[in-house]
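Numbering-wise, my numbering puts 426 at position 308 of the sequence shown, and it's gapless, one number per residue. Glycine included, each C-beta is placed from N, C-alpha and C at the ideal position. Predicted model only: the values in this text are computed from it and were never measured. Notes follow the structure.
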Amino acid sequence: MAIMVTRSSMPEFDEYIEEIRSIWDNHWLTNMGPKHKEFQAVLKDYLGVEKLDLFTNGHMAIELTLQAMNLQGEVITTPFTFASTTHAIVRNGLEPVFCDIDPYNYTMDVEKLESLITDKTCAILPVHVYGNVCNIEEIDRIAEKYNLKVIYDAAHTFGETYKGKGIGTYGDASCFSFHATKVFNSIEGGAVSFKSERLGKVLYNLKNFGIHGPEEVSAVGANAKMNEFCAAMGLCNLRHLDEEIEKRRRVVERYTERLEKTAGIQLNSVQPDVKPNYAYFPAVFEEKEFGSTRNEVYSKLAENDIIARKYFYPLTNTFSAFNGKYDVFKTPAALHVAKRVLTLPLYADLPLEDVDRICDVILSCKK
Ligand code: T4K
C-alpha cells in the first residue's frame, strides 16, 4: 500500500460508537446540540483560551472572522499557505497584500511587514505555517502602532503553546482547522478563539443565520455550524491527542537524525519558547548542494509508492484564479522555498521502518 503524506487519526471504532450512542436517543444531529457544547468546553480548556466558537471547517472560521470584523481595504498576508488563507480575504471583498516569508521558518518576514502598510491597510493575517509560530511580538508591536487587527491562521498549530500560553491567546483571533489531514481532526471542523465578546456575538450570528430563537433573527448570517457527529469525533480524538503528538515526535526525530547531516537539505527546527505539535515535516532541497531537484526527489519517492506533497506550491499569489494580478517577484523567499519544498509523510502510526525507507530513497537522490 502506498504511503501518503498523511493518514487521518481515528479512535477505536467502539469508542466512536459509544460516543455517538446518545445521538440515537435524542435524535439531535446538529444546531449546537450536547456534543457541540461539550466539545466547545473541552477545547477551551485544552487550548487554554477563554473564548472559542466552533465552525464547519477551518476555512469558514477564517472567512467569517474577517467578515465579523467588518473590515475594508487591504489585508497583509503571506502567499506560502493553503488556498484558504488568501481566498478568505478575497471572498470578503478585501485586497490581499503579500508579504514575503522568512526563508528558514516560512512564516511572515516581519522585517518586510511595515513597508507594506498603507492608509488602506486594515488587518494582518499571518500563518503559523507547518506549526511554526510567527514572530508574535513584532507583529503585535506593528499592529498596535498602526491600529490594525491581527487574525492568525492557526490551522497548523492546534495544541501548541508559545511562552507557556495557548497559541490561540495571541492576536485578536486565531483560526484553527480540524480537517481530516490535521494533527487533530473532527472529520471536518474548525474553531476561532478570540478576545472580544462583541466579535464572538457577531461570529455566532454569522455561523447560524443570525437566529436567536424561533421568532428572532437579528442579523444576516450564513450557516457554518459544526454537527454532532463531527463534535463526537473531536471528543474522541482529543482523548488520544497527546499520545499521537508524542508518536509524531518520534517520527520527526527519526527523519531529522537520518537527514540533518546531508548537504543541500534544509529541515525545520523546533523554535525557542514553543511547545510543538509536529504537524508537518518540510524538507527544502537545494539542487546545487544536493545534486537533485525537489521534483526529482518527488518523482523518485512516487516510483516507490511514497506520496510526498509540495505544500505549499504553487504560491497563492500565482494562482490562475487571480489572472496574474499579483507580482510573485515581490515575495522572492516564498518563491524560492515553494520551488524546493517537499512535505514528507508524517502521521502518528507511520512505522519508523517506513521512515527509514523514505530516507533511503531520498538519500539515493544525493549526487
Ligand atoms: N489554512 C491553512 C494554512 C490550511 O493548511 C488549511 C487547510 C486551511 C486554512 C483551511 O482549513 P479547512 O477548511 O481545510 O479545515 C489538505 C486539506 O484538505 C486541508 O485541510 C489542508 N489545509 C491542506 C494543507 O491539505 P489536500 O487537497 O492536499 O488533501 P488531500 O485530500 O489530497 O489529502 C492529503 C492526504 O491526506 C491524502 O493523500 C491521504 C490523507 N487523507 C486525506 C483525507 C481527505 C486521509 O488519510 N483521510 C482523509 O479523509 O488538502
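Beta bridge pairing from DSSP links Ala397 with no other residue. Non-local C-beta neighbours of His330 in its own chain, meaning closer than 7 Å and more than five positions away in sequence, comprise Ser336, ordered along the chain. DSSP places Asp271 inside the beta strand (DSSP E), whose first and last residues are 267 to 271. Relative to the ligand T4K, the nearest heavy atom lies less than 7 Å away from the CB of Met122.
Its chain contains Leu317, Val320, Leu321, Leu324 as the residues whose beta carbon lies nearer than 7 Å to that of Ala186, once the 5 sequence neighbours on both sides are disregarded; these appear in chain order. Measuring C-alpha to C-alpha distances from Ala309 to each of Glu361, Gly328, Gly151, Glu181 identifies Glu181 as the nearest.
The residue among Asp391, Lys281, Ala272, Lys406 with its C-alpha nearest the C-alpha of Thr380 is Lys406.
Here the alpha carbons of Ala456 and Val268 stand approximately 25 Å from one another. Nearest neighbour of Asn413 by Cα position, chosen from Leu460, Asn341, Leu453, Cys217, turns out to be Leu460. If you look at Thr374, you'll find it in the alpha helix (DSSP H) that goes 346 to 377. Taking all protein chains in view, the Cβ of Lys153 is crowded by 16 or more other Cβ atoms within 10 Å, so the residue is classified as buried. With a beta-carbon spacing of about 27 Å, Gln190 and Leu172 fall beyond the 8 Å limit used to define contacts. With fewer than 16 other Cβ atoms from the protein chains shown falling within 10 Å of its own Cβ, Met119 counts as exposed. Going by beta carbons, Pro214 and Val247 fall outside the 8 Å limit. According to the DSSP assignment, Gln185 belongs to the alpha helix (DSSP H) that extends over 176 to 186. If you look at Cys477, you'll find it in the alpha helix (DSSP H) that goes 470 to 481.
Between the stretch 269 to 287 and the stretch 420 to 428 there are fewer than three inter-stretch CB-CB distances shorter than 8 Å, so the stretches are not counted as touching. Secondary structure at Thr203: helix, using DSSP grouped into helix, strand and coil. Comparing alpha-carbon positions, the option among Lys443, Asn149, Thr436, Val392 lying closest to Asn223 turns out to be Val392.
Remark: the shortest separation between the CB of Thr203 and any heavy atom of the ligand T4K falls under 7 Å. About 7 Å separates the Cβ atoms of Leu470 and Arg368, confirming a contact at the 8 Å cut-off.
Tyr429 has its CB nearer than 7 Å to a heavy atom of the ligand T4K. With a threshold of 7 Å, the Cβ atom of Val245 counts as near the ligand T4K, since some heavy atom of the ligand is closer than that.
Distances from the CB of Ser311 to the heavy atoms of the ligand T4K are all 7 Å or more. Closest in C-alpha terms to Ser126, from the list Thr299, Gly382, Glu315, Glu306, comes Thr299. For Thr436, the secondary structure class from DSSP, reduced to helix, strand or coil, is helix. Put simply, of Asp218, Leu212, Thr148 the residue whose alpha carbon is nearest the alpha carbon of Asp445 is Asp218.
The stretch 140 to 154 makes contact with the stretch 339 to 346: 3 or more CB pairs, one atom from each, lie closer than 8 Å. Between the ligand T4K and Gly191, a heavy atom-to-CB distance of less than 7 Å is absent.
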